[in-house]
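Worksheet: one structure, shown below.
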Amino acid sequence: MFIQEIKNKEIKVAIPLTKGTDKTRIKKRSILNEYGIPVSTKSEPFSQSCYVEWQIGYDVIASDTEKLKKTTLQDLRFIGANGKEKALYELSEYIKYFYDWNIVTQQELIDIKTYLQNMTDDDFLDNPIGHPELSIKRTNFVQKQINGFKFMWTQVEYPLLVYKFGNFEIITEIIIKEKQYAIGIQPMLYLCFPITELENSQNLLGRTANTKEFSSFKIDRNNISVFVDMLKLFGTLSRNHNTDAISIIDTILQ
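Final position of the sequence shown in this note's numbering is 254; the numbers increase by one with none missing.
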């Protein structure tokens, strides 16, 4: 997501309301342990049960010139765990600003770096040996006849971890799924918050979204700790995430 405004030591991030992207979607659920259902915001009015699901990132590959334009810190770069040159973006971008504003402290980041450096391979969430409870489970196959077809049926369970940030109405969901193009599993991290956290010139509740409408999510000294904690969480997902998070901290501190 791109930064709309940086002013008075606050950052406003643009959140699209009308088009679900590969990064954000508007969903709804009445209670936390329900499965979120995507909302067609052009036809269905916003309600108290609506929330933003944001697959927040922390970098952008420097060679991708189009995506590189989205960050305001194009020149702050590091080498990622995959060997590619990357620039700070989204999560790392926000933390860098608040570090420069002396709101996020050097010691906070050093403490996170030390914590991440002390992690072993068994600690990472993508390691089923270290965390057997996070394994993807499948029931035994049974025959089921549906619409005249004989199917072999099984049920797949994907582990879901939910972390609540103190008293904030903001949570992180980490879902464990199979890798798309490789063998193994991958934890995927999402930032979720109610639409009432958004700033808009028109009240969202009770109305549908306008064409190509955006809303603003404000990051300030009161909630930047959420994003600092999220960087620490990212570093626990896998060895590659851990390496990236440590490199990001080094880049911010330089």
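Where is the CB? At the ideal position from N, CA and C, for every residue including glycine.
**Study point:** Rounded C-alpha distance that separates S215 from K23
**Key:** A straight line joining the alpha-carbon of S215 with that of K23 spans about 15 Å.
Review point. How many Å lie between K177 and I146 at the Cα?
Key: Cα to Cα, K177 sits roughly 27 Å from I146.
Check your understanding: Cβ atoms of I170 and D126: under 7 Å apart, would you say?
Key -> In this structure, I170 does not lie closer than 7 Å to D126 by Cβ.
Point to revise | alpha helix (DSSP H) segment containing V228, residue limits | key: Run containing V228: 224-234, per the alpha helix (DSSP H) assignment.
**Study point:** Simplified DSSP state of P16, which is helix, strand or coil
**Key:** In the three-state reduction of the DSSP assignment, P16 falls in the strand class, which pools E and B.
Practice item. Take every Cβ of the segment 6-18, pair it with every Cβ of the segment 89-101, and state whether three or more of those distances are shorter than 8 Å. Key: With the cut-off at 8 Å, the segment 6-18 and the segment 89-101 touch.
Point to revise | Endpoints, beta strand (DSSP E) assigned at Y190 | key: Start and end: 185-194.
Check your understanding: Which word fits G166, buried or exposed, when buried means at least 16 other C-beta atoms lie within 10 angstroms of its C-beta?
Key -> Counting the other CB atoms within 10 Å of its CB gives G166 a total below 16, which places it among the exposed residues.
Practice item. Verify whether the separation of the beta carbon atoms of P187 and L233 is less than 7 Å. Key: No; because the gap between Cβ atoms is not below 7 Å, this pair is not in contact.
Point to revise | Rounded Cβ spacing between I26 and L17 (contact assumed at less than 8 Å) | key: About 6 Å separates the beta carbons of I26 and L17, which is inside the 8 Å limit, making them a contact pair.
Point to revise | Per-residue burial, W153 [other beta carbons within 10 Å of its own, 16 or more giving buried] | key: Under the 10 Å beta carbon count, W153 is surrounded by fewer than 16 other beta carbons and is classified as exposed.
Point to revise | Contacts around D121, its chain only, beta-carbon distance under 8 Å, and the 5 residues preceding and following it disregarded | key: Around D121: N127, G130, R239.
Check your understanding: Cα separation between M1 and E90?
Key -> Looking at the backbone, the Cα of M1 and that of E90 are separated by about 7 Å.
Check your understanding: Thinking C-alpha only, which one of N8, K150, Y51 is nearest S30?
Key -> The shortest Cα separation from S30 among N8, K150, Y51 belongs to Y51.
Practice item. Taking L116 and A245 to be in contact with their CB atoms under 8 Å, please state how far apart those CB atoms are, rounded to whole angstroms. Key: In this structure L116 is in contact with A245, their Cβ atoms being roughly 6 Å apart against a cut-off of 8 Å.
Point to revise | For I136, the three-state DSSP class (helix, strand or coil) | key: Residue state, collapsed to three classes: coil.
Check your understanding: Where does R221 sit, in a helix, a strand or coil, going by DSSP?
Key -> Of the three classes helix, strand and coil, the one that applies to R221 here is coil, per DSSP.
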